[in-house]
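Letter by letter, the sequence shown follows residues 46 to 472 in our numbering. Built from N, CA and C at the ideal position, the CB exists for glycine as well. Down below is the structure, laid out as structure tokens.
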Amino acid sequence: MGIVLVVVFGLALALSVPIGIALGVAALAGLMTIALDPSFIILLPQKFMSGLDSFPLLAIPLFILAGSIMSRGGIARRIVDLTMVFFGRIPGGMGIVVTVSTFFFGAICGSGSAKTAAIGSVMYPEMKRKNYPPELATAIFAAAGGASSLVPPSIDLIIIGVVANISIGGLFAAGLVPSFINMAALVGLVYYFAKKLDLPRGPKLAWNSKLRIVRDGLLPMFMIVIVLGGIYGGIFTPTEAAAVAVIYGFCLSFFVYRELNLDGLKNALLQTATLSGVVLIVLGTASMISFVMTFDRIPHQIAQAIGHYASNWVVFVLFVNIVFIILGMVMDALPAIIVLMPIIVPVAVSLGMDPIHLGILVEANVGLGMITPPVGICLYVACGISKVPVEKSIRTLLPFILVLAFTLLLISYVPQITLALPRLLGF
């Protein structure tokens, strides 16, 4: 039956069938090969709905809505301006500002592509005026968007927590230090390119302008304190934090800055419905295919095979990294997370790994997959902003991929980087 799943799913992808539909078709084909009674098919829609029947999943559309509102309401621009005050005068300051702003914006927006679009659309015109090579600007946008996927509250971390039964608060805490490592590595690489290419610094600002920008940027930055502080302080759950982010972002954009009007709110709601629909359809159909695989004991067989070849956690982590990097290059990571995480978590635990550490290294792989062709979503968003063809951006993007691959290995094989903060907070 496993062969039927792989063949049908691969054929559907080759025919450009949307991945959510491809998963559903593969699940139906797999069940038809093993079901003794055709009435078993009724189980698939039941599993589709049960896969979505989870309170933490409500955080996904809420965080998407928060990001859509904030990108339209001037919050992303104010975060960029605030970052420019502190980093703009460093060589390559605009590239550094893009990187740091994307990570800060990630702390209030869980979508990698949304971060890339929001910060990139604000910064690219200015970088173009300052003669930044378009390919370099594209690489910076894409790499920052992908690497910042570890910044809580990440939608992928929520999904990992739900499907693998790992504490979402623990995953959020564990993602902070690796996020700073990724950010520092990218900032260092941008600085290297700035010195090599003699890139211009950001504009010099008068003190009164700096004070005004800092004052305007305090409220957006305070939102990070509210969202993450509320989660880590046990005041509210990640799902409730998402609702708080929506309310805070709306009040700030609509009543304080007055840059969000009713048309903008309508567009934000439409974008949220579209993106959430895509994610939730994939979640539902992936639940169907997980049920079919479990029905035929495929996860048990895979776990046995992994345990046979990966005799210790070092080899196991290498295996996980290779699998997710390959999958990230050819398909969206979401179905891979949903299908594989319940399989590999028990194996990881049996080898002495903490599930939180496994979840973070998987998400680090997902972030790398967001910028690797041919299916890197952040790469395509960045190329859409700069109008640079994907094939022309690859050469400049390669050093960013290598740097993030190095940080991935660091996160994978030094568990203390991931686990120190969660343990300190009691997760």
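Rounded separation between residue i and residue j - CA only
i           : j           : result
residue 365 : residue 372 : 11 Å
residue 268 : residue 190 : 20 Å
residue 412 : residue 359 : 21 Å
residue 367 : residue 297 : 43 Å
residue 232 : residue 51  : 40 Å
residue 136 : residue 100 : 46 Å
residue 465 : residue 214 : 14 Å
residue 228 : residue 264 : 23 Å
residue 328 : residue 380 : 7 Å
residue 64  : residue 422 : 14 Å
residue 295 : residue 312 : 13 Å
residue 201 : residue 93  : 19 Å
residue 138 : residue 418 : 27 Å
residue 164 : residue 395 : 42 Å
residue 73  : residue 324 : 20 Å
residue 309 : residue 187 : 25 Å
residue 399 : residue 238 : 37 Å
residue 291 : residue 316 : 14 Å
residue 250 : residue 216 : 39 Å
Best match in the options for proximity to residue i [C-alpha to C-alpha]
i           : options               : result
residue 318 : 216, 114 and 64       : 114
residue 256 : 291, 434, 86 and 131  : 131
residue 390 : 235, 205 and 413      : 205
residue 175 : 246, 65, 453 and 435  : 246
residue 370 : 177, 397 and 415      : 415
residue 434 : 147, 219, 180 and 421 : 180
residue 221 : 197, 266, 323 and 70  : 197
residue 383 : 254, 330, 300 and 292 : 330
residue 149 : 59, 192 and 171       : 192
residue 244 : 235, 251 and 252      : 235
residue 242 : 399, 430 and 177      : 177
residue 378 : 266, 68, 399 and 143  : 68
residue 326 : 60, 98, 56 and 211    : 98
Close-in-space but distant-in-sequence residues of the same chain around residue i (CB under 8 Å, 5 per side omitted)
i           : result
residue 280 : 274
residue 354 : 360 and 364
residue 88  : 76 and 336
residue 126 : 258, 261 and 262
residue 103 : 284 and 287
residue 441 : 178, 180, 181, 183 and 184
residue 432 : 179
Same chain only: Cβ atoms within 6 Å of residue i, ignoring 5 sequence neighbours per side
i           : result
residue 460 : 402
residue 286 : 272, 275 and 276
residue 226 : 452
Cutoff 7 Å; reference residue i; Cβ partners in own chain excluding five residues on either side
i           : result
residue 321 : 105, 106 and 109
residue 304 : 118, 119 and 298
residue 223 : 195, 405, 409, 456, 462 and 463
residue 218 : 277, 466, 467, 470 and 472
residue 450 : 413
Entirely within the segment 399 to 447 and at least 4 residues each: give me those alpha helix (DSSP H) ranges in chain order. 400 to 414 and 422 to 431
Can you give, in chain order, each stretch of the alpha helix (DSSP H) that sits fully within the segment 62 to 113 and has at least 4 residues? 64 to 79 and 88 to 97
May I have a chain-ordered list of the alpha helix (DSSP H) segments no shorter than 4 residues that lie completely inside the segment 187 to 221? 200 to 209
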